[in-house]
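A quick write-up on the structure given underneath.
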Amino acid sequence: MALPSHTVAVQHIYEQHHSWLHSWLKGKLHNACDAADVAHDTFLRILGGRNATQILEPRDYLATVARGLVIDRYRRRAIEQAYLQTLADRPEAIAISEEDKAIIIETLVAVDKALCGLGERARRIFMLSQVEGLTYQQIADQLRVSLTTVKKHMVRALTECALIMAGM
16 MALPSHTVAV QHIYEQHHSW LHSWLKGKLH NACDAADVAH DTFLRILGGR NATQILEPRD
76 YLATVARGLV IDRYRRRAIE QAYLQTLADR PEAIAISEED KAIIIETLVA VDKALCGLGE
136 RARRIFMLSQ VEGLTYQQIA DQLRVSLTTV KKHMVRALTE CALIMAGM
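Residue numbers (my numbering): 16 to 183.
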């Protein structure tokens with residue numbers, strides 16, 4: 016539950032800096048609606064975050080939070096486009112409801128986020144296995160690492176994916 020002083024601080028930051036943030040985002044995103052969405056999400060993130068009374072430089076803080084949200088937005092769009100392109104490239108027609116598409120895209124975004132936290136080697140091993148279809152031995156040979164290293168990284172990657180799926 017938010018502290019009253021936290022809520023008051025967020026309200027003050029909103030009143031003082033919302034129009035600046037919206038204008039700044041409009042310049043970055045070149046779209047007033049997207050800018051409004053990201054500005055809204057920025058203040059929601061701050062409201063649900065740490066004690067806003069400790070924010071010393073509100074514009075710097077708002078810009079940092081907003082940049083992260085914009086990156087997440089672009090990553091999500093890229094994943095969504097890749098998914099839709101994959102569906103379009105399939106020879107057989109697949110009827111997927113909009114709800115199922117949304118669930119699939121949310122899952123892909125969550126898996127992408129989990130993989131980004133793994134480190135380059137683990138992510139590469141996971142992609143070679145799950146996307147390229149290489150065996151663990153082929154991956155070990157290609158990356159010049161031991162089979163044990165490949166297995167260790169796959170266990171870590173699959174565990175992260177399982178944790179993401181359990182939380183959905």
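Here a beta-carbon is modelled for each residue, glycine too, at the ideal position from N, C-alpha and C.
Check: Are the beta-carbon atoms of Ala125 and Ile179 separated by less than 9 Å?
Finding: Counting from 1 along the sequence shown, the entry for residue 125 is found at position 110. Counting from 1 along the sequence shown, the entry for residue 179 is found at position 164. Yes; because the gap between Cβ atoms is below 9 Å, this pair is in contact.
Next item on the list: Mind the definition here: the region 84 to 94 touches the region 64 to 74 only if three or more C-beta pairs lie below 8 Å; say whether that holds.
Entry: Short answer: they don't touch.
Next item on the list: From the DSSP output, in three-state form, read off Ala110 for me.
Entry: The residue given as residue 110 occupies position 95 in the sequence shown. DSSP, reduced to helix, strand and coil, places Ala110 outside both helices and strands of the structure shown, so it counts as coil.
Check: Taking the alpha helix (DSSP H) that Ile70 falls in, what are its first and last residues?
Finding: For the purposes of this step, residue 70 is identified with residue 55 of the sequence shown, where counting begins at 1. Ile70 -> no alpha helix (DSSP H), and no H or E assigned at all.
Note to self: Please classify Glu187 as buried or exposed, where buried requires at least 16 neighbouring CB atoms within 10 angstroms.
What the structure shows: Nothing can be reported for residue 187: it is not among the residues displayed for the chain, which extend from 16 to 183.
Margin query: I want to know whether the region 78 to 86 touches the region 48 to 62 - three or more CB-CB distances under 8 Å.
Written below: Touching, per the Cβ criterion.
Margin query: Classify Met16: buried if its beta carbon has 16 or more other beta carbons within 10 angstroms, exposed otherwise.
Written below: Within the sequence shown, numbered from 1, the residue matching residue 16 stands at position 1. Annotation note: pLDDT 46 at Met16 (below 50); position unreliable, coordinate value reported separately. Under this definition Met16 is an exposed residue.
Margin query: DSSP three-state label for His32, please.
Written below: In the sequence shown, the residue the question calls residue 32 occupies position 17. His32: helix per DSSP, three-state reduction.
Check: So Ile154 and Val165 are in contact, right, with Cβ under 8 Å, and what is the actual spacing, rounded?
Finding: For the purposes of this step, residue 154 is taken as residue 139 along the sequence shown, with counting starting at 1. For the purposes of this step, residue 165 is taken as residue 150 along the sequence shown, with counting starting at 1. About 5 Å; that satisfies the 8 Å criterion.
Item checked: Same chain, Cβ closer than 7 Å to Asp56, five either side skipped, listed in chain order -> As a working note, residue 56 is residue 41 in the sequence shown. Correct list, in chain order: Leu84.
Next item on the list: With distances taken Cα to Cα, identify the nearest neighbour of Thr163 among Gln152, Glu30 and Ala172.
Entry: Here residue 163 is taken as the residue at index 148 of the sequence shown, counted from 1. Closest option to Thr163, Cα to Cα, is Gln152.
Margin query: Taking the beta carbon of Ala181 as the centre, do at least 16 other beta carbons fall within 10 Å, making it buried, or is it exposed?
Written below: Working through the sequence shown from its first residue, we reach residue 181 at position 166. Ala181 should be labelled exposed.
Notebook entry, point to check: Given Thr174, which residues of its chain have a CB within under 6 Å of its CB, disregarding the five upstream and five downstream residues?
Noted result: Working through the sequence shown from its first residue, we reach residue 174 at position 159. Taken in chain order, the list of residues that qualify is empty.
Check: What is the DSSP secondary structure of Leu149, counted as helix, strand or coil?
Finding: Here residue 149 refers to the residue found at position 134 when the sequence shown is read from its first residue. DSSP places Leu149 in the coil class of the three-state scheme, outside both helix and strand.
Next item on the list: Would you mind sorting Val140 into buried or exposed? The rule is 16 or more other CB atoms within 10 Å of its CB.
Entry: Residue numbering aside, residue 140 sits at position 125 when the sequence shown is read from its first letter. At residue 140 the sequence reads Ile, which differs from the Val that was named. So Ile140 counts as buried.
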